[in-house]
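Taken in order, these protein sequences are the chains called A and B. full-length UniProt numbering numbers the first residue of the first sequence as 1 and each following residue consecutively. full-length UniProt numbering numbers the first residue of the second sequence as 1 and each following residue consecutively. All C-beta atoms, glycine included, are put in the ideal place defined by N, C-alpha and C. Please read all numbers here as calculations on a predicted model, not as lab measurements.
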Amino acid sequence: MTGVRVAGVGLTHFGKHPERTGRDLFAEASERAFADAGVDRADVEQLNFGNFMGELSEHQGHQGPLMAEAAGLTAPATRYESACASSGVAVREAVKDVRNGEADVMLVGGAERMNNLGTAGTTEALAIAADDLYEVRAGMTFPAAYALMARAYFEQYGGSREDLAEIAVKNHDNALENEFAQFQRAITVEDALEAPTIADPLGLYDACPITDGASAAVLVSDEYAEEHGLDAPVSITGTGQGGDKMALQDRRFLARTPAAERAAEEAYDDAGIGPQDVSVAEVHDCFTIAEVLAVEALDFYAPGEGIGAAARGETTRDGDRPVNLSGGLKAKGHPVGATGTSQVVEMTRLLRGDHPNSDAVPGEIGVAHNAGGTVASTTVHVLEVDR
Amino acid sequence: MSDRTGEGERVRDDGFDDFLDAVESGEGYYLECPEGHGSLPPRRVCPHCGATDLEETPLPETGEIETYTEVHVPAPSFADDAPYVTAVTDFGGARLTGIVRDTDAVTVGTEVALDVAETETADERVLVFRVR
Numbered sequence: 001m002t003g004v005r006v007a008g009v010g011l012t013h014f015g016k017h018p019e020r021t022g023r024d025l026f027a028e029a030s031e032r033a034f035a036d037a038g039v040d041r042a043d044v045e046q047l048n049f050g051n052f053m054g055e056l057s058e059h060q061g062h063q064g065p066l067m068a069e070a071a072g073l074t075a076p077a078t079r080y081e082s083a084c085a086s087s088g089v090a091v092r093e094a095v096k097d098v099r100n101g102e103a104d105v106m107l108v109g110g111a112e113r114m115n116n117l118g119t120a121g122t123t124e125a126l127a128i129a130a131d132d133l134y135e136v137r138a139g140m141t142f143p144a145a146y147a148l149m150a151r152a153y154f155e156q157y158g159g160s161r162e163d164l165a166e167i168a169v170k171n172h173d174n175a176l177e178n179e180f181a182q183f184q185r186a187i188t189v190e191d192a193l194e195a196p197t198i199a200d201p202l203g204l205y206d207a208c209p210i211t212d213g214a215s216a217a218v219l220v221s222d223e224y225a226e227e228h229g230l231d232a233p234v235s236i237t238g239t240g241q242g243g244d245k246m247a248l249q250d251r252r253f254l255a256r257t258p259a260a261e262r263a264a265e266e267a268y269d270d271a272g273i274g275p276q277d278v279s280v281a282e283v284h285d286c287f288t289i290a291e292v293l294a295v296e297a298l299d300f301y302a303p304g305e306g307i308g309a310a311a312r313g314e315t316t317r318d319g320d321r322p323v324n325l326s327g328g329l330k331a332k333g334h335p336v337g338a339t340g341t342s343q344v345v346e347m348t349r350l351l352r353g354d355h356p357n358s359d360a361v362p363g364e365i366g367v368a369h370n371a372g373g374t375v376a377s378t379t380v381h382v383l384e385v386d387r
Numbered sequence: 001m002s003d004r005t006g007e008g009e010r011v012r013d014d015g016f017d018d019f020l021d022a023v024e025s026g027e028g029y030y031l032e033c034p035e036g037h038g039s040l041p042p043r044r045v046c047p048h049c050g051a052t053d054l055e056e057t058p059l060p061e062t063g064e065i066e067t068y069t070e071v072h073v074p075a076p077s078f079a080d081d082a083p084y085v086t087a088v089t090d091f092g093g094a095r096l097t098g099i100v101r102d103t104d105a106v107t108v109g110t111e112v113a114l115d116v117a118e119t120e121t122a123d124e125r126v127l128v129f130r131v132r
């Protein structure tokens, strides 16, 4: 089985670009990825593309071939949809295809256009990642779903809105130097606590923004990298995916995410590492409480222990294991179908040393955790850099 | 929520609408498998163990609020309902998600009864919990 290397990565600015189409965003991200990789587009054997709400936001289905065209490829192309984990799944399937010899060169990525729908339209479009019969018809929105989990967490383990605010402050700080981030501005705990309530106990600063953007990565086999003399020091050495019941009401736990626990275990086993070997992580912090659930699912903390990690300085830039050095979904932004691949892009830059926060990375192994819906689907990837 | 899809009147959803009818007439039920796992219709298999012989079992008179949130930023189909409280409740055999009506005194552990009402925005039927 061959190893899988990240030959090149590309992002658009994540932010408000309501006038830009998904195809234009992905064309830009993929152009950057090819320039970074030094790989000929003609060598690409397949595109795996993540998108969630294209039918609603752009009246556009069948985005695989459309996006291949935008990227300048004639290769077969497939769209992956797994809510906010869409392009995490696209990455996982690409890793499998390179490993099993189906392809030596794959383009993976994703794009999402959201701001043209406005806040109400986006709230409605995102809600369909929840169960329509049992949840959406009962007034569930995504902030509401995570608020239900946050209150369940507080009830079971303790924790406070201040603890969550510390996570928002940390991730905003991390985004300050990231040119691709939606919010390059610092906030304070007071700012977060005084912000308008979205769904209590979550306020505006507990939530990621509505974001337009795209991400892309060129993945190649070890053999291809060697034959073509590519400078590709980062490998994806582990992949895992987990699932859970669609509706919160059918879950065994309301304050834990077993889908992510299973994905992490599978990815660690695949890479032959354990959580103690991981020195840096990009996790799916669509809401501040989601970062808590993620660091616990990744087994960095026992259930109930992750809530204070940011406040204690353990997951901050100068902590032992920084989390979301990109700014995370919270400050970098969350164009949902692009997010999973963008985490791999950011981790690649962090590990190989060309990210503005690379100096904060304390080791050679990172993980990317991408969650769909209320964590009914999750992918986890392990990335390692040759030193 | 016909205005969500632009497809005109919503068609009936077998199973789920039967369930709402039953709750409305005070005869709410859930589906129970031989292992004792509960879930709501429509189902052909138990989501927890895959058993296929599901039996309609009466819901208890009351349940308990397990977690809740007051929603201030709603989807358009709940625009006129906001702010409203959405809760996940434990009715013994099964958990249900709905809207808590007619009270400000919601807390985890509050005892509630089950009912069906209409949303203010779209006049759609919705499961509601009323504090006992």
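- The C-alpha of Asp299 of chain A lies about 45 Å from the C-alpha of Asp21 of chain B.
- The beta carbon of Ala113 of chain B sits closer than 6 Å to the beta carbons of Thr62, Arg130, Arg132 from its chain, once the five residues preceding and following it are set aside; these are given in chain order.
- According to DSSP, Ser221 of chain A shares a beta bridge with A:Val4.
- Of all alpha-carbon atoms in A:Asp270, A:Ala311, A:Arg137, A:Thr2, the one lying nearest the alpha-carbon of Pro76 of chain B is that of A:Arg137.
- The beta-carbon of Met140 of chain A is placed less than 7 Å from the nearest beta-carbon of chain B.
- Contact between the stretch 26-44 of chain B and the stretch 263-280 of chain A is absent: fewer than three C-beta pairs spanning the two stretches fall below 8 Å.
- In chain order, Gly139, Met140, Thr141, Pro143, Ala144, Ala147, Ile198, Ala199, Asp200 make up the part of chain A whose C-beta sits under 9 Å from the C-beta of Val71 of chain B.
- Rounded to the nearest whole angstrom, the C-alpha separation of Ile99 of chain B and Asp36 of chain A is 51 Å.
- Take the alpha-carbon of Val89 of chain A and the one of Phe253 of chain A: they are about 24 Å apart.
- Arg95 of chain B has a beta carbon lying within less than 7 Å of a beta carbon in chain A.
- Each residue's CA atom was taken as its position, placing Val91 of chain A and Gln241 of chain A some 11 Å apart.
- In the three-state reduction of the DSSP assignment, His369 of chain A falls in the strand class.
- Interface with chain A (7 Å Cβ-Cβ cutoff): Tyr29 of chain B is excluded.
- Judged by DSSP secondary structure, Asn116 of chain A falls outside any beta strand (DSSP E); it is assigned neither H nor E.
- C-alpha of Val88 of chain B to C-alpha of Gly26 of chain B: approximately 20 Å in a straight line.
- Taking a C-beta cut-off of 8 Å against chain B, the contacting residues of the UniProt domain "Thiolase C-terminal" (240-384) of chain A are Lys245, Ala247, Leu248, Gln249, Asp250, Leu254, listed in chain order.
- Residue pairing of Gly63 of chain B in beta bridges, as defined by DSSP: B:Val112.
- Under the three-state reduction of DSSP, Met347 of chain A is assigned to helix.
- Contacts with chain B at 7 Å (Cβ-Cβ) include Tyr134 of chain A.
- According to the DSSP secondary-structure assignment, Gly203 of chain A is paired through a beta bridge with A:Thr197.
- In the three-state scheme derived from DSSP, where H, G and I count as helix and E and B as strand, Met106 of chain A is classed as strand.
- Excluding five sequence positions before and after Ala27 of chain A, the CB atoms of its chain that fall closer than 6 Å to its own CB belong to Ala70, given in chain order.
- Around the C-beta of Val39 of chain A, 16 or more other C-beta atoms lie within 10 Å, and the residue is accordingly described as buried.
- In this structure Ala214 of chain A touches Pro335 of chain A by the C-beta definition: roughly 7 Å separates them, less than 8 Å.
- Leaving aside the five residues that flank Cys208 of chain A on each side, the residues in its chain whose CB is nearer than 6 Å to its CB run, in chain order, Cys286, Leu329, Lys330, His334.
- For Ala281 of chain A, the enclosing beta strand (DSSP E) starts and ends at 280-282.
- Closest option to Asp386 of chain A, judged by alpha-carbon separation, among A:Glu364, A:Asn370, A:Thr374: A:Glu364.
- Arg151 of chain A belongs to the set of residues whose beta carbon lies under 7 Å from a beta carbon in chain B.
- For the C-beta of Gly26 of chain B, not a single chain A residue is nearer than 8 Å; the gap to the nearest is close to 20 Å.
- The beta carbons of Asn115 of chain A and Asp212 of chain A sit about 5 Å from each other, so the pair counts as a contact at 8 Å.
- Segment contact: the stretch 123-133 of chain A against the stretch 42-49 of chain A, fewer than three CB-CB distances shorter than 8 Å; contact not assigned.
- Flagged as an interface residue toward chain B: Ala120 of chain A, by a C-beta distance shorter than 7 Å.
- For Met140 of chain A, the closest C-alpha among the options B:Asp104, B:Val108, B:Val85 is that of B:Val85.
- Look at Leu114 of chain B: its C-beta is not under 7 Å from any C-beta on chain A.
- For a Cβ distance threshold of 9 Å, residue set Val73, Pro74, Ala75, Pro76 of chain B lies close to Thr123 of chain A, ordered along the chain.
- Here the stretch 180-187 of chain A makes no contact with the stretch 310-317 of chain A; the two share fewer than three CB pairs at distances below 8 Å.
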